[in-house]
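Notes for the one structure printed next.
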Amino acid sequence: MTLRPSPTAALEGLSLPKLDHVDLVTVKLPFVAPFGTSVYVWTHKEAMLMRLESDGVTAWSECVSDPDPFYFYETNGTTRHIIKDFLLPLVEPGIALVELGARFRHVRGHGMAKATVENGLLNLIALQKGVPLHELLGRPAKRIMSGLSIGLKETPADLLAAVERGVARKYHRIKMKVKKGQDVEWVRAVRDRFPDLRLMVDANGDYSLSDLAHLRRLDDFGLMMIEQPLSYSDIYEHAALQKEMTTAICLDESIHSLADAAAAIALKACRIINIKQGRVGGLLESMRIARYCADHGVDVWSGGMDETGIGRAVNIHLQTAEGFTLPGDTSETSNYFDEDVADPPVVLGADGFIDIPGGPGLGVRVVPERILKRAIGWERLR
Ligand code: OSB
Ligand code: MG
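According to the numbering used here, the sequence shown holds residues 1 to 382 in order.
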């Protein structure tokens with residue numbers, strides 16, 4: 001038997017830099033169009049950004065919480081509270097990054113808050129070393145697969161037009177949101193028009209097991225997967241559903257940690273997992289989950305939270321890690337924003353792939369004037 005290095009081996013020798021300043025900056029950016037899901041319709045992105053400064057080097061990270069608890073329990077209010085009162089006090093210069101992980105485990109849950117701090121520190125360390133984030137993670141560069149998430153639309157014609165635009169851009173797969181009463185016939189309309197499209201649906205937990213007969217009708221459409229059909233907190237009932245459906249189930253909301261992923265796999269609750277680095281507490285836990293899934297024959301992709309260019313870049317670097325076998329929710333910046341806070345925007349190549357932005361750290365440049373233009377709150381924590 002050959003012993004493989006742990007998925008986070010490259011990070012084991014790192015220690016934390018000193019921090020001269022830490023700020024939380026909340027920005028509000030209009031979406032190019034409302035983003036509808038079974039749980040809410042968002043018209044703006046309200047993102048809490050973290051700015052770290054150390055010896056003249058500035059590193060940014062993005063918290064993926066929303067102002068509301070409609071997708072996930074954390075909100076911009078709770079993430080601020082947890083970061084300020086519990087996580088940041090644990091960040092001591094000179095301690096090992098792995099020691100910080102151990103300290104963070106004392107705080108239960110609140111993965112989005114943890115990921116914000118961890119992402120900021122990793123970006124800062126990468127900038128100080130002059131290496132791209134994926135290199136700090138121990139991963140070689142590669143081109144990243146793209147995927148589009150299409151929100152609920154007013155009419156099937158609007159949906160078909162959005163799918164058509166995605167197909168023309170050469171996205172590697174298209175996901176459409178569904179909800180009760182807006183599912184089978186809408187999927188049929190897309191499938192009839194695009195017979196070979198790599199297509200999947202996301203219900204954000206809108207169904208229950210009593211909808212089994214209805215959900216099984218989705219098996220006719222050759223979908224890549226159905227994402228989170230049942231409750232946001234369930235694993236067990238998804239196992240019962242997966243037994244009765246041929247379409248692969250993908251879990252999103254239910255997976256907060258490696259332990260959750262292991263439970264879901266042991267119960268055969270899904271065949272695919274959506275890893276959002278924010279939802280699971282950061283890049284290190286994401287890499288552990290992806291490795292575990294690879295070892296257990298479960299496909300993984302990187303989810304998105306309609307991030308600004310900061311969080312979008314983090315998701316791109318993450319996808320160099322072992323185990324990310326499927327295209328994720330990584331779309332062009334222009335799908336959400338006319339003007340982002342960071343440059344360059346994400347743009348697909350002619351073959352639908354995304355190039356990792358070049359240069360140290362995230363490889364994107366946060367534009368101060370755009371931050372000032374979009375800022376609705378600024379708090380100095382240190
Ligand atoms: O369920 O994957 C989801 C966006 C916000 C909250 C939840 C979800 C989503 C998306 C969009 O589907 C992902 C993206 O394009 O970034
Ligand atoms: Mg989802």
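Cβ atoms here follow ideal geometry from the backbone N, Cα and C, with glycine treated the same way.
Should residue i and residue j be called a contact, given that it needs their Cβ atoms to be closer than 8 Å?
i, j, result
"glutamate 307", "glutamate 62", "yes"
"valine 314", "arginine 271", "no"
"glutamine 228", "serine 254", "yes"
"arginine 365", "aspartate 351", "no"
"valine 346", "isoleucine 354", "yes"
"tryptophan 301", "glycine 278", "no"
"valine 163", "isoleucine 174", "yes"
"isoleucine 249", "methionine 224", "no"
"leucine 29", "arginine 374", "yes"
"histidine 21", "arginine 380", "yes"
"valine 32", "aspartate 338", "yes"
"valine 167", "methionine 112", "no"
"leucine 258", "arginine 288", "yes"
"arginine 198", "leucine 348", "no"
"leucine 241", "leucine 212", "yes"
"serine 146", "threonine 330", "yes"
"alanine 290", "phenylalanine 324", "yes"
"lysine 142", "tyrosine 336", "no"
"valine 446", "tryptophan 378", "With the chain covering 1 to 382 only, the question about residue 446 has no answer from this structure."
"leucine 218", "histidine 238", "no"
"tryptophan 60", "isoleucine 310", "yes"
"alanine 263", "tyrosine 292", "no"
"leucine 19", "proline 93", "yes"
Mind checking who residue i pairs with in its DSSP beta bridge?
i, result
"lysine 45", "Leu29"
"tryptophan 301", "Asn274"
"aspartate 158", "Per DSSP, none; premise fails for aspartate 158."
"leucine 148", "Ile174"
"phenylalanine 35", "Trp42"
"valine 366", "Ala342"
"serine 386", "A question about residue 386 goes unanswered here, because the residues of the chain that appear run from 1 up to 382."
"leucine 381", "Note: leucine 381 sits in no beta bridge, so no partner."
"alanine 375", "Val27"
"proline 195", "None; proline 195 has no bridge partner."
"proline 132", "Gly361"
For residue i, which residues of its own chain have a beta-carbon under 6 Å away from its beta-carbon, when the five flanking residues on both sides are left out?
i, result
"glycine 151", "Phe35, Gly36, Lys177"
"arginine 103", "Leu90"
"valine 107", "Phe86"
"alanine 47", "Val27, Glu62, Thr308"
"histidine 296", "Ile265"
"proline 69", "Thr75"
"aspartate 23", "Arg51, Arg380"
"valine 57", "Leu127, Gln128"
"glycine 138", "Ala10"
So, at 7 Å on beta carbons, what are the nonlocal neighbours of residue i in its own chain, with the 5 sequence-adjacent residues on each side left out?
i, result
"isoleucine 125", "Leu14, Pro17, Leu136"
"lysine 179", "Ser38, Leu152, Ala203, Asp206"
"valine 98", "Glu12"
"lysine 84", "Leu381"
"leucine 267", "Ile235, Tyr236, Ala239"
"histidine 172", "Met145, Ser146, Gly147, Arg198, Pro327, Gly352"
"leucine 122", "Leu133, Leu136, Leu283"
Which residues in the same chain as residue i place their Cβ atom closer than 8 Å to its Cβ, once the five residues preceding and following it in sequence are excluded?
i, result
"leucine 159", "Ile150, Lys153, Met176, Trp186, Ala189, Val190"
"proline 140", "His134, Thr320"
"serine 233", "Glu253, Ser254"
"threonine 79", "Met48, Cys63, Ser65, His110, Met112, Ala113, Thr116"
"lysine 129", "Leu136, Pro360"
"isoleucine 316", "Ile144, Thr330, Val346, Ile354, Ile356, Pro357"
"alanine 294", "Val300, Glu322, Gly323, Thr325"
Kindly say whether residue i, judged by its beta-carbon, lies nearer than 8 Å to any beta-carbon of chain D.
i, result
"valine 27", "Absence of chain D from the displayed structure is noted, only one protein chain being present."
*Can you check the region 199–268 for any alpha helix (DSSP H) of at least 4 residues that lies completely inside it and give the ranges in chain order?*
212–216, 236–244, 258–266
*asked:* Please output, in chain order, the residues near ligand 2 using a CB cut-off of less than 7 Å to any non-hydrogen atom of the ligand.
replied: Asp202, Asn204, Glu227, Gln228, Asp252, Glu253, Asn274, Gly303
_Length-filtered (3 minimum) beta strand (DSSP E) runs lying within the region 41–127_ = 41–54, 57–63
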